[in-house]
């Protein structure tokens, strides 16, 4: 999946015009990519431990997927459920970031999800 979307990224980002829609994904295809991203991100957030050693692969897939759709055009042209999925993703991300900041301020490094810290010096950049 990672290889497919990284190879075809330009196809999904290209904007079809009324005169030329060759080489550009349809709105439905763009919706499906955004929906896949939102579902995979939500699944990873809710069931992180279920992924085990495949977490890195999943994160790379999310990184490729997020580059394969144009959120601005999707929010203008897509159905409400896509916008709701994207809003839920951003709300969850904001909540996770807020909780991470609280954990860092209180020195609870063991509460940081998805990290393996050998020393606290790796957090000095924050």
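In the working numbering, the protein residues as written are 23 to 148.
For each residue, glycine too, the CB sits at the ideal point set by N, CA and C.
{"Check": "On the three-state DSSP scale, how would you describe residue 100?", "Outcome": "coil"}
{"Check": "Assign residue 91 to one of three DSSP states: helix, strand, or coil.", "Outcome": "coil"}
{"Check": "Tell me which same chain residues have a C-beta within less than 6 Å of the C-beta of residue 92, skipping the five on either side of it?", "Outcome": "35"}
{"Check": "Grab the span of the alpha helix (DSSP H) containing residue 55 for me, first residue to last.", "Outcome": "49-68"}
{"Check": "To the nearest angstrom, how far is the alpha carbon of residue 87 from that of residue 59?", "Outcome": "6 Å"}
{"Check": "Leaving out five residues on either side along the sequence, give the residues of the same chain with a beta carbon under 8 Å from the beta carbon of residue 84.", "Outcome": "59, 62, 63 and 66"}
{"Check": "Check for me: the alpha helix (DSSP H) holding residue 37 runs from which residue to which?", "Outcome": "Here residue 37 belongs to no alpha helix (DSSP H), and DSSP marks it neither H nor E."}
{"Check": "Helix or strand or just coil, what does DSSP make of residue 72?", "Outcome": "helix"}
{"Check": "How long is the line joining the alpha carbons of residue 102 and residue 114, rounded to whole angstroms?", "Outcome": "18 Å"}
{"Check": "So for residue 128, helix, strand or coil by DSSP?", "Outcome": "coil"}
{"Check": "Considering only the beta carbon of each residue, do residue 56 and residue 104 sit closer than 7 Å?", "Outcome": "yes"}
{"Check": "In chain order, what residues of the same chain lie with their CB nearer than 8 Å to the CB of residue 52, ignoring the 5 residues before and after it?", "Outcome": "34, 91, 92, 95, 96 and 100"}
{"Check": "When DSSP labels each residue in this structure, what does residue 108 get in the three-state scheme?", "Outcome": "helix"}
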